[in-house]
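For reference, the structure is listed below as structure tokens.
Number of protein chains: 2
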Amino acid sequence: MVTAREVAQLCGVSVATVSRVFNRPATVSATTRERVERVARELDFSPNESARALSRQQSAMVGLVWDTDHRRPGWRHPFLQDLLLGLKSALSSHGYHLLLLATSDDARDRHPGVSLADPIAYVGMTRRHHLAGLVLIDSGTDAEAFTAFAQSGLPCVALDVALAGPRATYVTSDNAEGAAEAVRHLAALGHRRIATITGPRGNAPAAARTEGYRRGLADAGLPAREDLVISGDFYRESGFVGMRRLLARKDPPTAVFAASDEMAIGALLAARAAGLRVPADLAVVGFDDIEVASLVDPALTTVAQDKPGFGTAAAGALLAMIENATAPQPVHLPTKLVVRDSCGAKR
Amino acid sequence: MVTAREVAQLCGVSVATVSRVFNRPATVSATTRERVERVARELDFSPNESARALSRQQSAMVGLVWDTDHRRPGWRHPFLQDLLLGLKSALSSHGYHLLLLATSDDARDRHPGVSLADPIAYVGMTRRHHLAGLVLIDSGTDAEAFTAFAQSGLPCVALDVALAGPRATYVTSDNAEGAAEAVRHLAALGHRRIATITGPRGNAPAAARTEGYRRGLADAGLPAREDLVISGDFYRESGFVGMRRLLARKDPPTAVFAASDEMAIGALLAARAAGLRVPADLAVVGFDDIEVASLVDPALTTVAQDKPGFGTAAAGALLAMIENATAPQPVHLPTKLVVRDSCGAKR
DNA sequence: GCTAGGAATGTAACCGGTTACAGCTGCGAC
DNA sequence: GTCGCAGCTGTAACCGGTTACATTCCTAGC
Numbered sequence: 001m002v003t004a005r006e007v008a009q010l011c012g013v014s015v016a017t018v019s020r021v022f023n024r025p026a027t028v029s030a031t032t033r034e035r036v037e038r039v040a041r042e043l044d045f046s047p048n049e050s051a052r053a054l055s056r057q058q059s060a061m062v063g064l065v066w067d068t069d070h071r072r073p074g075w076r077h078p079f080l081q082d083l084l085l086g087l088k089s090a091l092s093s094h095g096y097h098l099l100l101l102a103t104s105d106d107a108r109d110r111h112p113g114v115s116l117a118d119p120i121a122y123v124g125m126t127r128r129h130h131l132a133g134l135v136l137i138d139s140g141t142d143a144e145a146f147t148a149f150a151q152s153g154l155p156c157v158a159l160d161v162a163l164a165g166p167r168a169t170y171v172t173s174d175n176a177e178g179a180a181e182a183v184r185h186l187a188a189l190g191h192r193r194i195a196t197i198t199g200p201r202g203n204a205p206a207a208a209r210t211e212g213y214r215r216g217l218a219d220a221g222l223p224a225r226e227d228l229v230i231s232g233d234f235y236r237e238s239g240f241v242g243m244r245r246l247l248a249r250k251d252p253p254t255a256v257f258a259a260s261d262e263m264a265i266g267a268l269l270a271a272r273a274a275g276l277r278v279p280a281d282l283a284v285v286g287f288d289d290i291e292v293a294s295l296v297d298p299a300l301t302t303v304a305q306d307k308p309g310f311g312t313a314a315a316g317a318l319l320a321m322i323e324n325a326t327a328p329q330p331v332h333l334p335t336k337l338v339v340r341d342s343c344g345a346k347r
Numbered sequence: 348m349v350t351a352r353e354v355a356q357l358c359g360v361s362v363a364t365v366s367r368v369f370n371r372p373a374t375v376s377a378t379t380r381e382r383v384e385r386v387a388r389e390l391d392f393s394p395n396e397s398a399r400a401l402s403r404q405q406s407a408m409v410g411l412v413w414d415t416d417h418r419r420p421g422w423r424h425p426f427l428q429d430l431l432l433g434l435k436s437a438l439s440s441h442g443y444h445l446l447l448l449a450t451s452d453d454a455r456d457r458h459p460g461v462s463l464a465d466p467i468a469y470v471g472m473t474r475r476h477h478l479a480g481l482v483l484i485d486s487g488t489d490a491e492a493f494t495a496f497a498q499s500g501l502p503c504v505a506l507d508v509a510l511a512g513p514r515a516t517y518v519t520s521d522n523a524e525g526a527a528e529a530v531r532h533l534a535a536l537g538h539r540r541i542a543t544i545t546g547p548r549g550n551a552p553a554a555a556r557t558e559g560y561r562r563g564l565a566d567a568g569l570p571a572r573e574d575l576v577i578s579g580d581f582y583r584e585s586g587f588v589g590m591r592r593l594l595a596r597k598d599p600p601t602a603v604f605a606a607s608d609e610m611a612i613g614a615l616l617a618a619r620a621a622g623l624r625v626p627a628d629l630a631v632v633g634f635d636d637i638e639v640a641s642l643v644d645p646a647l648t649t650v651a652q653d654k655p656g657f658g659t660a661a662a663g664a665l666l667a668m669i670e671n672a673t674a675p676q677p678v679h680l681p682t683k684l685v686v687r688d689s690c691g692a693k694r
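Taken in order, these protein sequences are the chains called A and B. Under this note's numbering, the first residue of the first sequence carries the number 1, and numbering increases by one thereafter. Under this note's numbering, the first residue of the second sequence carries the number 348, and numbering increases by one thereafter.
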């Protein structure tokens, strides 16, 4: 490893000058700068990150809090890979890396209800590592714990959880509009009794999608019937059960908007089990556009989220807070209705 | 942030002693140790990681090289989430974190054939960050680039790519045995003409699965017929095309072992397109047990890999090399045949 | 009683940068 | 001619730990 001292010596300047070339090039005369840059390139020098972090009290790393309880079914994030890719590429263009914080599962083992391993341990870790910021992935129900991060003073961006603070914000899809569009689409296909299977209560995107469902009905001039709103939890099983309950009605819906693809697939299976054909007897629309959506039979019509966009938007918001100290603004990503077979639109 | 100096002052000892309490407790007298530990706990002190990394020339971080070209179809890892979870939890128990290295895509943009952004940039990064080790995820065809990492002297663990060196090793499934088991299962169901659709050439797991296919045939006393070996590339399309070619034969196979679930699904679609019923007219077995496998119709019989096991095994091997400097040993994880509907076994 | 040696602790030199401050130079203005 | 100031660079004090080496103290052995 070449150090700045060696570069300085070879250039006949002090280490301070070498450091300046890498941090505030404008303060160094052009000739000196070029000489240092050339020698640095020749020796393949670049500043040691540990030393830099120690000295600056800030590292070139962004922490990723993704603390999921793998014992809970459906612990997987619907599109973590796209998210990581988006984050990674957006961060890399500014020289930041992503640190996947690891905490022991002790706290969770002791208190089974707690989903985040230990917020305090996390906050300490972010300090010890001099992290520049934090990306928080909602892993279910730790919205309260997230405020602890926001209060730590570190720039924070949460995904799909409303987070506010002087240096905190969040990124989410425009869930309400996406849901409304799905419902309007079903209405336009002639459906009058459109049901919905919602996500878990307390979940912000779930609430927004239900709100969007209502708005979509209103937009289409259809009455809102509360008995057509069935609550689920985003996972397949609840879609199956919810659909079965809906089909047992004496006046079952002809279409259903499920607040997640997993539940839509559950609904599909329930319809099949009840001897119904989709989309002929029942139209189904989901939300997310997970990988499986195009594979099930019939292929699922769904509201697609901008998956890599989540990553880039989160990274962008975070970098803005880190580097410009700008006032954070929540980001609402547009969704896109992907029409496949399960809704019965001819295509 | 509390520093060691403050703790030392409050305890009436020197910083060196505080440091020793955290690093080599045995060299400190019991009474002093307890006093320091108590005060440290009260002040919520823990050593600053940047300073520690700088001083020790080694950080508590393991780099993750996952440099996939998202413009290539099928760039997704079949089970990255399980992998990350396994890695994370195994590493956390030893206090290590996972750093997702970000490199600019420049190199790749300039040379479209290159899949890893820039191995040299990566190696430099690992040095600058004082990383303790490296986990290499194969993203296609950069096996050669991986040797550059192995030669950097840093402990390296590759996944699904044979990597050798004094401080390098790899983790992979027992692909050959898994494939052999699948083929024996098909033979036991009465199939005599069992075809295979292979993975891409040059890919180690793909080669092992083909070898296992041959071994399975031999085990079952069936002749190996080279015309029943069709090459694919792990992605769905190649499974579809391969199956179509097989079905066009005058003497088509009654069963097919696809070296990946994606290709198996492609084969399923091709069979359906040809008017064949699965499993009645054609038995299909895949490899991986990806999430979709249980969702397709018919549900896919497949060779399951130990997904979280990959992560824990990789972390274990890496930690062993980092902490004990043990001679690295490749890990071969056992697979498990998951019998569902597509093979025609009654269950 | 004296010494050798081991255990416990302190001292201070690192690790490799960043940056406040001071010093030097050269130029235009008076 | 000199004063002021801006631009450039060097000096040295950090950042917060780790650790080789020195020192002190105590005990066992003679």
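Glycine included, every Cβ here is placed at the ideal spot set by N, Cα and C. All values derive from a computational prediction rather than experimental measurement.
Identify whether residue i lies in helix, strand or coil by the three-state DSSP scheme.
{"i": "B:Lys597", "result": "coil"}
{"i": "B:Gly537", "result": "coil"}
{"i": "B:Leu447", "result": "strand"}
{"i": "A:Met1", "result": "coil"}
{"i": "A:Val21", "result": "helix"}
{"i": "A:Ala176", "result": "helix"}
{"i": "A:Ala280", "result": "coil"}
{"i": "A:Ala60", "result": "coil"}
{"i": "B:Gly656", "result": "helix"}
{"i": "A:Gly95", "result": "coil"}
{"i": "B:Gly691", "result": "coil"}
{"i": "A:Gly153", "result": "coil"}
Terminal residues of the continuous alpha helix (DSSP H) containing residue i?
{"i": "A:Thr210", "result": "204 to 219"}
{"i": "B:Val470", "result": "466 to 475"}
{"i": "B:Val383", "result": "377 to 390"}
{"i": "A:Ala90", "result": "80 to 92"}
{"i": "A:Ala270", "result": "261 to 273"}
Nearest-angstrom Cα distance between residue i and residue j?
{"i": "B:Ala454", "j": "B:Ala468", "result": "Because B:Ala454 carries a pLDDT of 48, less than 50, the predicted location of this residue cannot be relied on, and no value is offered for it."}
{"i": "B:Gly663", "j": "A:Leu319", "result": "34 Å"}
{"i": "B:His679", "j": "B:Thr673", "result": "18 Å"}
{"i": "B:Thr516", "j": "A:Gly266", "result": "42 Å"}
{"i": "A:Pro298", "j": "A:Pro200", "result": "26 Å"}
{"i": "B:Asp636", "j": "B:Ala605", "result": "12 Å"}
{"i": "B:Gln652", "j": "A:Pro205", "result": "34 Å"}
{"i": "B:Arg419", "j": "B:Tyr582", "result": "11 Å"}
{"i": "B:Val354", "j": "B:Pro372", "result": "16 Å"}
{"i": "A:Leu91", "j": "A:Glu144", "result": "27 Å"}
{"i": "A:Arg209", "j": "A:Asn175", "result": "5 Å"}
{"i": "A:Ser93", "j": "A:Val36", "result": "23 Å"}
Beta strand (DSSP E) containing residue i: first to last residue?
{"i": "A:Thr335", "result": "Careful: A:Thr335 lies outside any beta strand (DSSP E) and carries neither H nor E."}
{"i": "A:Ile230", "result": "229 to 231"}
{"i": "B:Ala602", "result": "602 to 605"}
Which partner residues does residue i have in the DSSP bridge list?
{"i": "A:Tyr170", "result": "A:Ala158"}
{"i": "B:Phe634", "result": "B:Val650"}
{"i": "A:Val65", "result": "A:Leu136"}
{"i": "A:Ile322", "result": "Answer is none; A:Ile322 lacks a bridge partner."}
{"i": "A:Gly242", "result": "DSSP, once it has assigned bridges, lists no residue as partnering A:Gly242."}
{"i": "A:Ala349", "result": "Residue 349 of chain A lies beyond the range of chain A shown here (1 to 347); nothing can be said about it."}
{"i": "B:Gly512", "result": "B:Ala515"}
Quick check on residue i: buried or exposed, where buried means 16 or more other Cβ atoms within 10 Å of its Cβ?
{"i": "A:Asp138", "result": "buried"}
{"i": "B:Gln404", "result": "exposed"}
{"i": "A:Gly311", "result": "buried"}
{"i": "A:Lys250", "result": "exposed"}
{"i": "A:Gly221", "result": "exposed"}
{"i": "B:Asp688", "result": "buried"}
{"i": "A:Leu227", "result": "The residue asked about is misnamed: residue 227 of chain A is Asp in this sequence, not Leu. Under this definition A:Asp227 is an exposed residue."}
{"i": "B:Asp608", "result": "buried"}
{"i": "B:Arg352", "result": "exposed"}
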